[in-house]
Structures are given as structure tokens and as C-alpha cells.
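To start, the structure itself, in C-alpha cells.
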Amino acid sequence: MKKLSLAAAVLALSAAGLAGCAADTPATGSSSEASSSEAAEQSQHLAVTGAWAKAKSAGDMTGAFGTLENSGAEDITVVSATSPAAAAVELHETAAGADGAMAMQEIEGGFVVPAGGEYVLEPGANHLMLMGLTDDLLAGETLPITLELGDGSTLEMEATAKDFAGANENYDPDDASSENDAAHGAGDGAGHSSEEPSTGH
693 MKKLSLAAAV
703 LALSAAGLAG
713 CAADTPATGS
723 SSEASSSEAA
733 EQSQHLAVTG
743 AWAKAKSAGD
753 MTGAFGTLEN
763 SGAEDITVVS
773 ATSPAAAAVE
783 LHETAAGADG
793 AMAMQEIEGG
803 FVVPAGGEYV
813 LEPGANHLML
823 MGLTDDLLAG
833 ETLPITLELG
843 DGSTLEMEAT
853 AKDFAGANEN
863 YDPDDASSEN
873 DAAHGAGDGA
883 GHSSEEPSTG
893 H
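Rendered as C-alpha cells:
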């Protein structure tokens, strides 16, 4: 009886050990999956406020603006953007050209929104440029835009179209800090003539 009891005890301990190993395996996998899920959810920490775009005609280009707000603990990079309302969307910045004049160009590295901070898109400064609108964009309509982030996740945003006086003038970067809506609305808000798309892009 003692020998049988001893053998039974050994078997019971072995079974418990195997069960413990089996229980550990899913926990490791769950941790890995959670980590992967967290890394793919930067979009949950990014919000867009005050989004708007200039009302323009079909075939034209327009700028989209607003404030990107990052509530996360890590920087978030907007690497690209698309819209069903335009043939292409580019991320633009204001930079000094070879002649020293400020001009708009596609930004390298995307828009980096600092952790716990914000990144402002505005006329005469960094902005989203939508090329080749598929339809007229009228004041009051919403323009859907999808932002792609550095981790592969995406964020849907909608910009409200607005009309502005002086829309056929070239935007003057020197007026970028102006509070006047008309000055902010001059041209495409992107340093290009609103009459002709820039051939540089």
C-alpha cells in the first residue's frame, strides 16, 4: 500500500507540473498579442480638431488644416494621407527655397506629433494638400481624409469646407500669423496660385 501511495503521489506531482507549464504557455502568447495590439493602436491616441478645407471646384487642388492632438506617451508620425475626393493627397511644409523665398513642398518624414502635444496645420505653414478634386467642394460640405500613421494604423477625419474672400490671390507666407480669415484664405493656403496647380508637385 505504501508503494502504491508513493507512486500515486509522484504521478500527481508530475501531472501538476505539466498542467503548470501548459497554463504558462497561453499567458506568454497573450502578453505578446497584447503588446502587438497596443503597438498597432496609435490612432486611438490621435485626434484632429478644428479641421477645415478651402471650398474649390472639381479638378482644382485645396489645402486642409486643423490641429493634430496626441494624448499618448510616445510621438506619433503621420506618414501619408488619402481621400476619395481627390486624385492624391500630399503632406506639405513651408521651407526656404534656393532663392531664400518661402515655398511649399512635400515634407520628408511626415508630420511628427509630439507625445502629449499637438501639431498645427494651417494656411501658409504645414498642411495637407489635396490634388485634383473629383467633384466641386462646396462650403458646408465635409471632406473625408484618411491619415496613415507610422505604425500602420489609420485615422479617419472630416474637414468642413469654407468659402473665403480673395480666393484667387496668391497666399503670402508673411501673413501666416494673421488672424484675418480673408488673409488666411487667400490662394490655396499653400503658397500656390489657385488658378494653376504647381507643376513642381
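Take this note's numbering: the last position of the sequence shown gets the number 893, and nothing is skipped along the way.
For each residue, glycine too, the CB sits at the ideal point set by N, CA and C.
- Contact annotation: V781 and L813 have beta-carbon atoms that are not nearer than 8 Å.
- F757 has its alpha-carbon roughly 16 Å from the corresponding atom of L830.
- For E733, no beta strand (DSSP E) encloses it, and the DSSP letter there is neither H nor E.
- One alpha carbon belongs to A739, the other to K746, and they sit about 21 Å apart.
- Contiguous beta strand (DSSP E) elements confined to the segment 769-829 occur at 778-788, 794-798, 803-805, 810-813 and 819-825, taking only those with 3 or more residues.
- If you compare the alpha carbons of W744, V805, T786 and A773 with that of A795, the shortest gap goes to T786.
- By the Cβ-count criterion, Q734 is buried, with 16 or more other Cβ atoms from all chains shown falling within 10 Å of its own Cβ.
- Boundaries of the beta strand (DSSP E) around M849: T846 to K854.
- In its chain, beyond the 5 residues on either side, L825, T826, D827 and D828 have a beta carbon closer than 7 Å to the beta carbon of A750.
- Closest in C-alpha terms to H737, from the list E810, S775 and A853, comes E810.
- The straight-line gap separating the alpha-carbon atoms of D752 and D767 is approximately 33 Å.
- Between L841 and T741, the C-beta spacing is not below 8 Å.
- The C-alpha of I799 lies about 20 Å from the C-alpha of S845.
- If you look at A747, you'll find it isn't in any beta strand (DSSP E); DSSP assigns it neither H nor E.
- Beta-carbon to beta-carbon, A773 and T852 are separated by about 17 Å, too far to satisfy the 8 Å threshold.
- For G755, the enclosing beta strand (DSSP E) begins and ends at T754 to N762.
- Note: A765 is not bridge-paired with any residue in the DSSP secondary-structure output.
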